Amino acid sequence: MTTASNERMKEVSPAIEYAPAPESRAIVSIRERYQLFINGSFVEPQEGKYFSTINPATEEPLSEVALATEIDVDLAVMAARRAFDEVWSRMPGRERAKYIFRIARIIQERARELAVLESLDNGKPIRESRDVDVPLAAAYFFYYAGWADKLEYVGPGPVPRPIGVAGQVIPWNFPLLMAAWKLAPALAAGNTCVLKPAETTPLSALLLADIIQQAELPPGVVNIVTGAGETGAALVAHPGVGKVAFTGSTEVGKRIQRTLAGSGRRLTLELGGKAANIVFDDAPINQAVEGIVNGIYFNQGHVCCAGSRLLVQESIAEEIVERLRRRMASLRLGDPLDKNTDIGAINSAGQLEKIHRLSKTGEAEGAVAWSSGCMLPERGYWFPPTVFTKVEPAHTIAREEIFGPVLSVMTFRTPAEAVQRANNTVYGLSAGVWTEKGSRILWMAERLRAGVVWANTYNRFDPASPFGGFKESGFGREGGRHGLESYLDR
Ligand code: NAP
Ligand code: MG
Numbered sequence: 000m001t002t003a004s005n006e007r008m009k010e011v012s013p014a015i016e017y018a019p020a021p022e023s024r025a026i027v028s029i030r031e032r033y034q035l036f037i038n039g040s041f042v043e044p045q046e047g048k049y050f051s052t053i054n055p056a057t058e059e060p061l062s063e064v065a066l067a068t069e070i071d072v073d074l075a076v077m078a079a080r081r082a083f084d085e086v087w088s089r090m091p092g093r094e095r096a097k098y099i100f101r102i103a104r105i106i107q108e109r110a111r112e113l114a115v116l117e118s119l120d121n122g123k124p125i126r127e128s129r130d131v132d133v134p135l136a137a138a139y140f141f142y143y144a145g146w147a148d149k150l151e152y153v154g155p156g157p158v159p160r161p162i163g164v165a166g167q168v169i170p171w172n173f174p175l176l177m178a179a180w181k182l183a184p185a186l187a188a189g190n191t192c193v194l195k196p197a198e199t200t201p202l203s204a205l206l207l208a209d210i211i212q213q214a215e216l217p218p219g220v221v222n223i224v225t226g227a228g229e230t231g232a233a234l235v236a237h238p239g240v241g242k243v244a245f246t247g248s249t250e251v252g253k254r255i256q257r258t259l260a261g262s263g264r265r266l267t268l269e270l271g272g273k274a275a276n277i278v279f280d281d282a283p284i285n286q287a288v289e290g291i292v293n294g295i296y297f298n299q300g301h302v303c304c305a306g307s308r309l310l311v312q313e314s315i316a317e318e319i320v321e322r323l324r325r326r327m328a329s330l331r332l333g334d335p336l337d338k339n340t341d342i343g344a345i346n347s348a349g350q351l352e353k354i355h356r357l358s359k360t361g362e363a364e365g366a367v368a369w370s371s372g373c374m375l376p377e378r379g380y381w382f383p384p385t386v387f388t389k390v391e392p393a394h395t396i397a398r399e400e401i402f403g404p405v406l407s408v409m410t411f412r413t414p415a416e417a418v419q420r421a422n423n424t425v426y427g428l429s430a431g432v433w434t435e436k437g438s439r440i441l442w443m444a445e446r447l448r449a450g451v452v453w454a455n456t457y458n459r460f461d462p463a464s465p466f467g468g469f470k471e472s473g474f475g476r477e478g479g480r481h482g483l484e485s486y487l488d489r
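Quick note on numbering: the sequence shown equals residues 0 to 489 in numbering that gives the first Met the number 0.
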């Protein structure tokens, strides 16, 4: 960041030093090569091509992963269709539940392995993968296993039927958790799946394939095809896929919507966000500051529902920003496998470049950046936690999703103005409200155009709670009873 911001940095206390406490990577054995997971086995890709996935904290290659082309996607969809017709859709719900429970239990048993692998491939701190990603992934499988024999209670109308083959495309920010969000409800509802993980983070999905084998799921019920955007495009365009579930950027989401338009095939989209975290003058200040930090610096800001716009009531703005800087200065950035690390690596060179570009635009448009001045490791992709003040609603950084540890601060005077500013976005995924008054929380929640509104907390997830957006953040809900609806025909 700028020299001016580094100067200011000296005013706040430095991070406390801790001795390194790295989690051992010996728990996970990464194969040199991973093939495609089709019809219950790992198989060679038809064209024999592979790509490498790296550790973004060190740039060290981790493994070679098969590149699935249209032919492989076709084989996977056909395997899924056979498994749907012959086994999975005919199996009583209570039997399907046993397999899904088994997957949940094996995820718990192999939790450390999954957490280390996720941190290596994605760059996120082990504390997060261990305490958030992996336990939540297990929780989603447990939760939906419980629904498999209760589908008649999902909603009004007769006993619902599964759709068929679900084609599911997921991003790199929560690789295992997004796989769980997609697979668990689809399987509980009686569908079979073809899942395409992100190019930069395929390894936890491939370990999940191993778990699926261990759980003895019938062949073809879950298929995993690795590759880049073209593999995803081939999957969503495949006429054998009856339902597409996509999580990723708004741009790709719109393209998929065009592909599916008029086909009668079902679609749900979970896209970008530009959430407002709104702090009133009666908020518990320390908790609010923790919530703001958790809202934007959690997972390096690689969170679609990140609280990337901070709206503070004018009278407390200075105090909040001051306390926030002090807290930011104590965040530890570095080795994702170290249990003391708060901020890990940015997932890819491309994403880092995007964060740099948007931050520079922010400064060029007149906003003022401050970052905690922490030392960045020499190798790997890193960006320090950064806060922008003097942000105007028209600024690019107030409108565009940065998907990095960059917060834009704006102020408001009245609750009505807070609502107006919060809703002034093309997105509508989430929002946060910090105030002592319960009535104000409800008043705000009614008016905020956001799929999730957290009150006096941020970034909390529960499998029983539906999640999804308004406007350009997409449509459809994942989680809870609602998450089953798009996987069922009536
Ligand atoms: P992305 O480019 O849209 O990628 C998401 C997934 O789609 C990846 O698996 C990607 O493959 C694949 N893909 C790319 N082009 C495709 C195409 N034409 N057809 C089908 N699939 C295609 O998004 P990203 O840049 O990786 O992820 C960051 C974005 O995702 C952010 O904007 C964020 O807000 C959004 N996101 C939203 C949510 C949510 O729940 N709403 C959750 C997480 C992320 P490759 O990786 O191989 O390119
Ligand atoms: Mg990687």
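Using N, Cα and C, we set each Cβ at its ideal position, and we do this for glycine too. Note that the structure is predicted; figures quoted are calculated from it, not measured.
Residue i Cβ short of 6 Å to ligand 1 heavy atom set
i: residue 373; result: no
i: residue 198; result: yes
i: residue 227; result: yes
i: residue 117; result: no
i: residue 246; result: yes
i: residue 165; result: no
i: residue 469; result: no
i: residue 232; result: yes
i: residue 156; result: no
i: residue 402; result: yes
i: residue 251; result: yes
i: residue 303; result: yes
i: residue 479; result: no
i: residue 270; result: yes
i: residue 168; result: yes
i: residue 235; result: yes
i: residue 254; result: yes
Cβ shell of residue i (< 7 Å), same chain only, five flanking positions each side left out
i: residue 523; result: Look at the range of the chain in this structure, 0 to 489, and you will see that residue 523 is not part of it.
i: residue 365; result: 389
i: residue 379; result: 55, 56, 57, 58 and 344
i: residue 298; result: 123, 127 and 172
i: residue 257; result: none
i: residue 351; result: 345, 380 and 382
i: residue 22; result: 115, 125, 336 and 338
i: residue 61; result: 29, 52, 53, 54, 119, 120 and 202
Cβ neighbours of residue i in the same chain (closer than 6 Å, five flanking residues each side left out)
i: residue 5; result: Unreliable placement is indicated for residue 5, whose pLDDT of 39 sits below 50; the coordinate value is still reported in the next sentence. So the list reads 372, once near-sequence residues are dropped.
i: residue 444; result: 452
i: residue 479; result: 463, 464 and 465
Own chain partners of residue i with C-beta closer than 8 Å, once the 5 adjacent residues on each side are dropped
i: residue 259; result: 235, 243 and 266
i: residue 108; result: none
i: residue 274; result: 294, 304, 305, 306, 307, 308, 426, 428, 429, 430, 431 and 449
i: residue 423; result: 392
i: residue 12; result: For residue 12, the predicted structure reports a pLDDT of 47, less than 50, and the residue's modelled location is therefore unreliable. A value from the coordinates is still provided. Only 325, 328 and 329 meet the Cβ criterion.
Check: residue i C-beta below 6 Å from any heavy atom of ligand 3
i: residue 172; result: The model depicted lacks ligand 3 and carries ligand 1 and ligand 2 instead.
Opening and closing residue of the alpha helix (DSSP H) in which residue i lies
i: residue 455; result: It is not in any alpha helix (DSSP H) - residue 455 carries neither H nor E in the DSSP assignment.
i: residue 140; result: 133-144
i: residue 437; result: 437-446
Below-7 Å beta-carbon distance, residue i vs any chain B residue
i: residue 482; result: Among the protein chains of the structure shown there is no chain B, as only one such chain exists.
Residue i: first and last residue of the uninterrupted beta strand (DSSP E) it sits in
i: residue 97; result: Note, residue 97: premise wrong, no beta strand (DSSP E); alpha helix (DSSP H) at 92-108.
Requested in this report: Determine, using beta-carbon pairs with one atom in the stretch 131-140 and one in the stretch 175-191, whether at least three such pairs fall under 8 Å.
Outcome: yes
Requested in this report: Indicate whether the contact test is met: 3 or more Cβ pairs, each with one atom in the stretch 84-104 and one in the stretch 185-201, closer than 8 Å.
Outcome: yes
Requested in this report: Would you check if the stretch 120-131 and the stretch 223-240 touch, i.e. whether three or more CB-CB distances between them fall below 8 Å?
Outcome: no
**Report entry** Given 8 Å, three or more beta-carbon pairs between the stretch 298-312 and the stretch 403-412
**Finding:** yes
Query raised in the report: How about the stretch 20-37 and the stretch 193-205: do they share at least three Cβ pairs that are nearer than 8 Å?
Result: yes
Report task. Please determine if the stretch 81-98 and the stretch 216-227 are in contact, where contact requires at least 3 C-beta pairs separated by less than 8 Å. Result -> yes
Requested in this report: Starting from the N-terminal side, write out each stretch of the alpha helix (DSSP H) that is 4 residues or longer and does not extend beyond the stretch 265-301.
Outcome: 284-296
**Report entry** Validate contact between the stretch 152-168 and the stretch 74-83 using beta carbons, cut 8 Å, 3 pairs
**Finding:** yes
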